[in-house]
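>
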Amino acid sequence: MPSQRNNGKLVLELAASLIRIPSLTPIHTELQPAAAESLDCLERFMVADGARSTRLTFEGGHARWNYPVDNLYVEWDAATPGSQHLCFMGHTDVVSPGDSKTWTADPFGGSVRNGFILGRGATDMKGAVAAFAVAAGSYAERCRARGAPCHVSMIITTDEEWAAVNGTRRVLEWMRDNGKSPSAFVVGEPSSQEIFGSAIKIGRRGSLCGTLNAQGVQGHAAYQALFENPNRALSLGLAILNAHAWTDAEPGMPATNFETIATQSGDFGATAIVPGEASALWNIRFTHHQTPDGLAAMLQRLLDAPPDWARRHPDISLLKRLELTANIDTASLPYYSPPNRLSRLAKSVLVTHCKREPELDARGGTTDGRFVHDYFPEAEIIELGLPENGGLTLSTHPEAFGRRGGMHQVDESCAIPDLQALTLCYRDLLLAYLGQVE
Ligand SMILES: [Zn+2]
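Per my numbering, residue 121 is the first one in the sequence shown, and the count goes up by one each step.
1) Could you have a look at C270 and say whether DSSP puts it in helix, strand or coil?
2) So, at 6 angstroms on beta carbons, what are the nonlocal neighbours of S108 in its own chain, with the 5 sequence-adjacent residues on each side left out?
3) Between the region 251-263 and the region 130-140, do three or more beta carbon pairs fall short of 8 angstroms?
4) Beta strand (DSSP E) containing M295: first to last residue?
5) Which residue from N351, Q410, F178 puts its Cα closest to that of F378?
6) Only counting runs of 4 or more residues, tell me where the alpha helix (DSSP H) segments fall wholly within the region 452-502, in order along the chain.
7) N509 and G526 look like a contact to me (Cβ under 8 angstroms); what is the Cβ gap, rounded to whole Å?
8) Please identify the residue among E443, W429, A369 whose C-alpha is closest to the C-alpha of Q420.
9) Take A73 and list the residues in its own chain whose beta-carbon comes closer than 7 angstroms to its own, dropping the five residues that flank it on each side.
10) Taking contact to mean 3 or more Cβ pairs, one atom from each stretch, closer than 8 angstroms, check whether the region 289-308 and the region 472-489 are in contact.
11) Is E314 helix, strand or coil when you go by DSSP?
12) Anyone know if the C-beta pair for E195 and Y187 falls short of 8 angstroms?
13) Tell me whether Y259 is buried or exposed, calling it buried when 16 or more other Cβ atoms sit within 10 Å of its Cβ.
14) Can you pull the DSSP bridge partners for C207?
15) Within the continuous beta strand (DSSP E) that includes W402, where are the two ends?
16) Please determine whether the Cβ atom of E309 lies at a distance below 7 angstroms from any heavy atom of ligand 1.
17) Compute every distance between the C-beta of D244 and the non-hydrogen atoms of ligand 1, then say whether any falls below 7 angstroms.
18) When the Cα of H408 is compared with those of T543, A446, L453, which residue comes out closest?
19) Under 7 angstroms: does the beta carbon of E508 sit that close to some heavy atom of ligand 1?
20) Hey, C545 and L462: beta-carbon distance below 8 angstroms or not?
21) Looking at ligand 1, does it come within less than 7 angstroms of E532, judged from the CB to the closest heavy atom?
22) Could you name the residues of the same chain whose beta carbon sits closer than 7 angstroms to that of P459, not counting the 5 residues immediately before and after it, in chain order?
23) Which class does V530 belong to by DSSP, given the choice of helix, strand or coil?
24) Does the distance from the CB of L551 to the CB of H271 come in under 8 angstroms?
25) With H, G and I counted as helix, E and B as strand and the rest as coil, what does DSSP make of G330?
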């Protein structure tokens, strides 16, 4: 008997139910009930669909970000190690809506307008979580009807948007220690920019921050003998670091880049005073060919043994006034998953449903996908979710392009056709990757 299940309707209802729960990342105790409620909602839906669930609360592990985090692990049939097992990764915590008066709809209303579902998390990433839950349930129903095993699991954390200390990483560790070994992971983070299905992520670069500080001697700007200007040392130091050519790009993964984020020195209201110190905040986005320690050592080497052009600079002797620090303990590591069977199948599913060939790339910010290879080094990882800009594919509010409607923006929203297409793509990817269940 053909299934009576309406996945298009189910995904819309589940996404709206999740959006209506104000599950901000639970960094404070009073935020924990809503985070737990978002997992309750999802768990109820999936258990009713035949899944088995385990709630996992972890805490500690960091001097500052040690707050307890509620996580959910769901699976249908346990897979034996070595068999094909696909695990979905996502989060139901959201960033703050900011000033809700600037929204044109309730940020936690889950309302529908002009073919979009609106609310904080619609794109990042309650929409994709709902899409996967519905797709997995649909695949499981097909497996049950044919007496076939359903080797699908799901990790949902409530701490992706903040420290990520007690979320996905701890669940992956628990999975490894409990004999669960997925052969592939699908991360549901937004993966294309504007058009659904135009890109699949196969990695993300890492991120390392630090400071560069210069000590000088404060003094009257007219008396060179009585001051030492730290801005000279800082400018030359930053010029040296900026000038370094990085050549570690991969197909789809841009080369490492060093950027100055902020500089601070002097007083704009006091023209005659040379300041006594100057400092800069820097950020490096780096490929999987680099490590945080290696990068910190390399930056220091560039300053200790500058290139020829800098050696001829009149301020070269001031470089010894610089002090470089790197925040190694807060660095996010990169990952890169060489394209294999999963990405090949995902591509062909997207070609079928979106009529376009998706690009495989590793651009964009860091995600929980970076933790997988620490526990499952052999697993293939892709990231496939909704468009970052909120699915402006419908062009119903083009004047808002880039300013409203996208992830972490005011009026975050996702196009309902995109949400339904994503559900279909997840379902077909399960069928293609795990077998057609004839
Ligand atoms: Zn996200």
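No residue lacks a Cβ here, since even glycine has one placed at the ideal position from N, Cα and C.
Let's see:
1) As a position in the sequence shown, residue 270 is number 150, starting the count at 1. It is coil, neither helix nor strand.
2) A query on residue 108 cannot be resolved here, the shown segment of the chain reaching from 121 to 558 and no further.
3) yes
4) In the sequence shown, residue 295 corresponds to position 175, counting from 1. Per DSSP, M295 belongs to no beta strand (DSSP E); it is in the alpha helix (DSSP H), 288-297.
5) Against the sequence shown, residue 378 aligns to sequence position 258. Nearest option by C-alpha distance: Q410.
6) 461-474, 492-495
7) Translated into the one-based positions of the sequence shown, residue 509 becomes position 389. Translated into the one-based positions of the sequence shown, residue 526 becomes position 406. About 4 angstroms; that satisfies the 8 angstroms criterion.
8) Counted from its first residue, the sequence shown places residue 420 at position 300. The shortest Cα separation from Q420 among E443, W429, A369 belongs to E443.
9) Residue 73 cannot be examined here, being either before or after the span of the chain that is shown, 121 to 558.
10) yes
11) Taking the first residue of the sequence shown as position 1, residue 314 is located at position 194. Reduced to three states, the DSSP call for E314 is coil.
12) The sequence position of residue 195 within the sequence shown is 75, counting from 1. The sequence position of residue 187 within the sequence shown is 67, counting from 1. No.
13) The residue labelled residue 259 in the question sits at position 139 within the sequence shown. Buried: at least 16 other Cβ atoms inside 10 Å.
14) By 1-based counting over the sequence shown, the position of residue 207 is 87. Partner(s): S273, F305.
15) Along the sequence shown, read from residue 1 onward, the residue named residue 402 stands at position 282. Start and end: 397-406.
16) In the sequence shown, the residue the question calls residue 309 occupies position 189. For ligand 1, at least one heavy atom lies less than 7 angstroms from the Cβ of E309.
17) To locate residue 244, count along the sequence shown from 1; it is residue 124. Indeed, a heavy atom of ligand 1 lies less than 7 angstroms from the Cβ.
18) Position 288 of the sequence shown, counted from the first residue, corresponds to residue 408. It is L453 whose Cα lies nearest to the Cα of H408.
19) In the sequence shown, the residue the question calls residue 508 occupies position 388. No, Cβ of E508 sits at least 7 angstroms from all heavy atoms of ligand 1.
20) Locating residue 545 in the sequence shown gives position 425, where the first residue counts as 1. Locating residue 462 in the sequence shown gives position 342, where the first residue counts as 1. Contact: no.
21) Sequence index remark: in the sequence shown, residue 532 carries index 412 (1-based). No; taking the cut-off as 7 angstroms, the Cβ of E532 has no heavy atom of ligand 1 nearer than that.
22) Residue 459 sits at position 339 when you count from the first residue of the sequence shown. Here the set comprises I322, L480.
23) By one-based count along the sequence shown, residue 530 stands at place 410. V530 falls in the coil class under three-state DSSP.
24) Here residue 551 is taken as the residue at index 431 of the sequence shown, counted from 1. Here residue 271 is taken as the residue at index 151 of the sequence shown, counted from 1. In this structure, H271 does not lie closer than 8 angstroms to L551 by Cβ.
25) Here residue 330 is taken as the residue at index 210 of the sequence shown, counted from 1. Looking at G330 - three-state DSSP - the assignment turns out to be strand.
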